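Notes for the one structure printed next.
Right under this line is the structure:
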């Protein structure tokens, strides 16, 4: 230590019996307080070796404020005073461990400021309700889903929407397919539909004419998957009550089509918050759900992080379940933002509630978990 404050803290530590050692030794608890949020650049070889040695120790590992350079693998991160967005980047989820805010020892009002970013908790979830006894299937909405090249994806979404409370669910396509008996099929959007879902398994063969016919209305809409590679997405972004749910690769395509940025997935992942903010500023009426280990939800200047994602969801069809959840809530009359928030929270809760191995979770398992919420 060289500064007056550092020297003072060193003396205080010595006075309470803290010992200094020249090299790492065995311990029960290891606290990382080497590098803080102000660090920018590359670790020295010496520092990299030290952190590797720290990671190899069999001890409870605690990071102070943030794990050093996000290379120290913490069991717990004690972040000082307030949460930091950087702790919720996808690429650091495996090193931050459990995140807890600790006091700085002064009144929060001194440093606390209002933020447009909010952290979602599972307790925020509000499930659909059926309080009115004098009701019928039409009372709970009618979701119409476009069924295209890969019909299995739209069927997963449709079955999920039905299980999550939609009174009616119809697959809309231009070629007849075999569907479960609980679903309906049509060549056009039913006149009593209350929301649309588009993109799941749509494929590239869905013509612009068919797409225009499906979108010839003002219904609330959730868009996902293949639609983010089509120029027609620009028309969707002009609508009211629109939810889009891209994964990172799809979002980079969307950023390019909208002329916001031409970047790689790696570049996006390092600055997810920045590009979410830019997109939502350009399309303030659209609700963005950017998939990832920590889901970002944004509308206009309001943003939410859902940090409860599970690796169990990393499987084909999981996103189709999410679309079904959000689409079902849209059909039942939820606002686009509320449908997205509660659909996303439900999605992660279904995975967390699953009792099997995390590698075995399937879309059908997720749908079956809905009835147990």
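In the numbering used here, the protein residues as written are 951 to 1323.
Glycine included, every Cβ here is placed at the ideal spot set by N, Cα and C.
Remember, it's a predicted structure, so these values are computed and weren't measured experimentally.
What residues are listed by DSSP as bridge partners for residue i?
i	result
residue 1135	1121
residue 1050	1028
residue 1248	1238 and 1253
residue 1045	None, per the DSSP bridge assignment.
residue 979	1010
Thinking C-beta only, is residue j closer than 8 Å to residue i?
i	j	result
residue 1030	residue 1052	yes
residue 1088	residue 1142	yes
residue 1282	residue 1041	no
residue 1145	residue 1165	no
residue 1295	residue 1070	yes
residue 1316	residue 1302	no
residue 1027	residue 1047	yes
residue 1233	residue 1187	yes
residue 982	residue 1017	yes
residue 1252	residue 1244	no
residue 1072	residue 1258	yes
residue 1049	residue 1019	no
residue 1025	residue 1010	yes
residue 1313	residue 1278	no
residue 1266	residue 1110	no
residue 1133	residue 1108	yes
residue 1094	residue 1104	no
residue 1123	residue 1102	no
Determine the extent of the beta strand (DSSP E) in which residue i is found, giving its start and end residues.
i	result
residue 1093	1092-1096
residue 1012	1010-1014
residue 1171	1170-1173
residue 1194	1192-1194
The alpha helix (DSSP H) spanning residue i covers which residue range?
i	result
residue 1202	1198-1207
residue 1229	1222-1232
residue 1318	1313-1320
residue 1150	Note, residue 1150: premise wrong, no alpha helix (DSSP H); not H, not E.
residue 1164	1158-1164
residue 1111	1101-1113
residue 1001	995-1006
So what's residue i in DSSP terms, helix, strand or just coil?
i	result
residue 1274	helix
residue 1069	strand
residue 984	coil
residue 1240	strand
residue 1298	helix
residue 1177	helix
residue 1145	strand
residue 1183	helix
residue 968	coil
residue 1056	coil
residue 1235	coil
residue 1074	helix
residue 1259	coil
residue 957	helix
residue 1022	coil
residue 1127	coil
residue 1283	coil
residue 1293	helix
residue 1040	helix
residue 1264	coil
Residue i to residue j, Cα distance in whole Å?
i	j	result
residue 1260	residue 1298	7 Å
residue 1173	residue 1082	30 Å
residue 1176	residue 1062	42 Å
residue 1322	residue 1305	12 Å
residue 980	residue 1249	41 Å
residue 997	residue 1004	11 Å
residue 992	residue 1131	59 Å
residue 1230	residue 1237	8 Å
residue 1032	residue 1059	11 Å
residue 1106	residue 1115	15 Å
residue 1318	residue 1262	15 Å
residue 973	residue 1148	59 Å
residue 1217	residue 966	46 Å
residue 1290	residue 1239	7 Å
residue 1202	residue 1119	31 Å
residue 1034	residue 1001	22 Å
residue 1191	residue 1169	8 Å
residue 1158	residue 1195	21 Å
residue 1246	residue 1223	8 Å
residue 1045	residue 1241	19 Å
residue 1221	residue 953	34 Å
residue 1090	residue 1015	47 Å
residue 959	residue 968	11 Å
residue 1320	residue 977	45 Å
residue 1068	residue 1197	20 Å
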